[in-house]
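When we follow the working numbering, the leftmost residue of the sequence shown carries the number -1, and every step to the right adds one. Taking it in order: structure first as structure tokens, then the write-up.
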Amino acid sequence: MPSQLPLFPLRIVLFPGALLPLHIFEPRYRRLLDDVAASDHRFGLLPPGEAGELPAPGAIGCVALIRAIQPLDAGRSNIVVGGGRRFVFLEPAPAATPYHQGLVDWIDDRPDVQLPTADDLARLRALGERYAQAIRAVREEVQEVELTSGPAELSFEIAALLDWDYEVRQRFLEVRSATERVARLLHALPGMLAAAEERALVHGRAKGNGHGSVS
-1 MPSQLPLFPL RIVLFPGALL PLHIFEPRYR RLLDDVAASD HRFGLLPPGE AGELPAPGAI
59 GCVALIRAIQ PLDAGRSNIV VGGGRRFVFL EPAPAATPYH QGLVDWIDDR PDVQLPTADD
119 LARLRALGER YAQAIRAVRE EVQEVELTSG PAELSFEIAA LLDWDYEVRQ RFLEVRSATE
179 RVARLLHALP GMLAAAEERA LVHGRAKGNG HGSVS
């Protein structure tokens, strides 16, 4: 049975289980934040249609669960949301709110005929941990990324780290096979990891000697 959900069309992809910072400044979405903070703390992020409004039916989005709110001046806020379940947008829902609401159906992965092997998952986890370490070094972040072991959760956690463009991230969100997502990551990660570790090496040398040349 369809559910009604407050909706925020935005050209940013949120993956299940991932954390995402957002800056809320537009009046109608400040109202959305007030309303959902007073209820179940959730709204839907989905691709925007024309002029930033709702997309056509069939668009895939992800529930955003509010984890933290930092009020700012002029009614603005910085928030952190966590990714919940994915959904398919069915149609707009009549509502007396300035922000969009819509009817959605929840979607999960379809059963895979063949699950990723233990070796594939171990390799993916190792690549993901090395990639996370490299980007932490470049960004000079202290907190380590903790990865889970299940193929569905692990695939989204690692995808959230990657420097993919919006279209690639959105297509990955729409994949309903954990096995396929693992295979895509195993194909993409080695090259991306090499580039990330090279950036980390240059960054480290630049900090140590004042320039970024590699001898």
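All residues carry an ideal CB built from backbone N, CA and C; glycine is no exception.
Per DSSP, the continuous alpha helix (DSSP H) segment holding Glu151 begins and ends at Pro149 to Leu159. Remark: fewer than three beta-carbon pairs, one from each stretch, lie closer than 8 Å, so the segment 165 to 172 and the segment 16 to 33 are not flagged as touching. Per DSSP, His39 lies in no beta strand (DSSP E) and is assigned neither H nor E. Leu44 sits close to Ala57, with the two beta carbons spaced by under 7 Å. Counting along the chain, no alpha helix (DSSP H) covers Gln99; the unbroken beta strand (DSSP E) around it starts and ends at His98 to Ile105. By the CB criterion at 7 Å, Ala158 and Phe13 fall inside the cutoff. For the pair Arg84 and Ile105, the CB atoms are nearer than the 7 Å cut-off. One Cα belongs to Leu125, the other to Leu199, and the distance between them is close to 17 Å. Collapsing the DSSP output to three states places Leu63 in a strand. DSSP places Pro7 within a strand segment (E or B) once states are collapsed to three.
With fewer than 16 neighbouring CB atoms inside 10 Å of its own CB, Val111 falls in the exposed class. Distance from the CA atom of Arg128 to the CA atom of Val173, rounded to whole angstroms, is 24 Å.
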